[in-house]
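Inspection log for the structure reproduced underneath, given as C-alpha cells.
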Amino acid sequence: RAGRGGPLPLSSAQQRLWVLDRLSPGSTTYLMTAALRLRGPLAPEALRGALEALVTRHEVLRTRYEVVDGDPVQIVDAPAPVDLVEEDLTGLDPADRTRRLTALGTSGRRPVDLAEGPVFRAVLARCSAEEHALFLTVHHIAADGRSEELMVRELMAHYRRSTAGEAHPDPAPPALQYADFAVWQRSRLTEEKLRAGLGHWRGRLAGLTPLELPTDRPRPAVRDERGAV
C-alpha cells in the first residue's frame, strides 16, 4: 500500500482522461450519470449518510487531480459531508415533472474541474411521498461502468442497513485503493519497458495504410461531441 503523505501518480488510464480533459476544457463527454427510481417512503438523511459512507470508503470518489512540477498527480482529500442536492417536484403536473426530471438528469452533467473537484455528485428529486429519483454523476477518471454498478449496489446496502435501524458499520476502506494500483503500475512501466513496447508496435504497424471506414459523413479535422448512439 502506497503512503498517503503527498501527491500520488495517475494510472495510465487516468492520465489519458486527464489529457483529454485538458484538450477540451469544460467538456462533459466523460461524465457518467446513473438515474435511479426509488419507490416507497424515503429517508433523505439516511440516504445522505449512505452517500457519505460510500465516499469515505472509496478514496477515488474524493480525489482531485492537480499539476505538480509539470506532471499530473492525484490528491486524496479527507472524508467530508456529501452535498446532496434536493428538489421537490410534488407541486408540478406530470408533464412538467417529467420535463424537470429530464433537465435534472442533464444538469448533473455540468463540467467538473478535476483540480477542484468533486468528481462525484448526487441530486435527489422528490416526485411524491412514495417516489423519488436519484441522479448520481461521476467522472470517468474515477469510475467505469462496472465500478458504477458496484457503487450503486453498495450505496443501497448502506441505506438499507441505516433504515433497518442498524448502526452504520465503520466504513473501513478496502485494503488497496485505486491509487495503490496507479503507484504499482507506474513502478512497472519503466522508461526501458515503454521504449521496448513502443518499438514493438512501431515495427508491427510499419508500412500499413490508415483504415478508412465507409462513414456517412466526412471525418472532421478536429473531433467534436455532436455524435450520438
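The C-terminal position of the sequence shown is numbered 235 in the working numbering, with every residue numbered one higher than the one before it.
Glycine included, every Cβ here is placed at the ideal spot set by N, Cα and C.
What you are looking at is a predicted structure, and each value in this text was computed from that prediction instead of being measured.
Range covered by the alpha helix (DSSP H) that runs through residue i
{"i": "Asp-83", "result": "Where Asp-83 is concerned, there is no enclosing alpha helix (DSSP H), given that its DSSP letter is neither H nor E."}
{"i": "Thr-143", "result": "Run containing Thr-143: none in the alpha helix (DSSP H); it sits in the beta strand (DSSP E), 137-145."}
{"i": "Val-158", "result": "151-169"}
Residue i - DSSP class collapsed to helix/strand/coil
{"i": "Leu-130", "result": "strand"}
{"i": "Asp-102", "result": "helix"}
{"i": "Val-25", "result": "helix"}
{"i": "Pro-50", "result": "helix"}
{"i": "Tyr-71", "result": "strand"}
{"i": "Ala-185", "result": "helix"}
{"i": "Arg-45", "result": "strand"}
{"i": "Thr-39", "result": "strand"}
{"i": "Leu-200", "result": "helix"}
{"i": "Leu-217", "result": "coil"}
Selected residue, minimal CA-CA separation from residue i, among the options
{"i": "Thr-85", "options": "Asp-94, Arg-70, Pro-50, Gly-203", "result": "What sits at residue 85 in the sequence shown is Pro, not Thr. The option with the nearest alpha carbon to Pro-85 is Arg-70."}
{"i": "Ala-49", "options": "His-146, Arg-166, Ile-147", "result": "Arg-166"}
{"i": "Val-228", "options": "Val-25, Leu-29, Glu-72", "result": "Leu-29"}
{"i": "Thr-143", "options": "Tyr-184, Val-91, Ala-181, Pro-180", "result": "Val-91"}
{"i": "Thr-39", "options": "Pro-220, Asp-222, Glu-137, His-145", "result": "His-145"}
Exposure of residue i, with buried meaning 16 or more beta-carbon neighbours within 10 Å
{"i": "Ser-33", "result": "exposed"}
{"i": "Asp-27", "result": "buried"}
{"i": "Glu-65", "result": "buried"}
{"i": "Pro-78", "result": "buried"}
{"i": "His-206", "result": "exposed"}
Residue j beta carbon less than 8 Å from that of residue i
{"i": "Arg-19", "j": "Asp-186", "result": "Reading off the sequence, residue 19 comes out as Ala, not Arg. It is not a contact, given that the beta carbons lie outside the stated cut-off."}
{"i": "Leu-67", "j": "Val-125", "result": "yes"}
{"i": "Ala-135", "j": "Leu-16", "result": "no"}
Proximity test, residue i beta-carbon vs the ligand HEM heavy atom, cut-off 7 Å
{"i": "Gly-171", "result": "What this structure holds is no ligand at all, so the ligand HEM is not there to describe."}
Residue i: first and last residue of the uninterrupted beta strand (DSSP E) it sits in
{"i": "Leu-90", "result": "90-94"}
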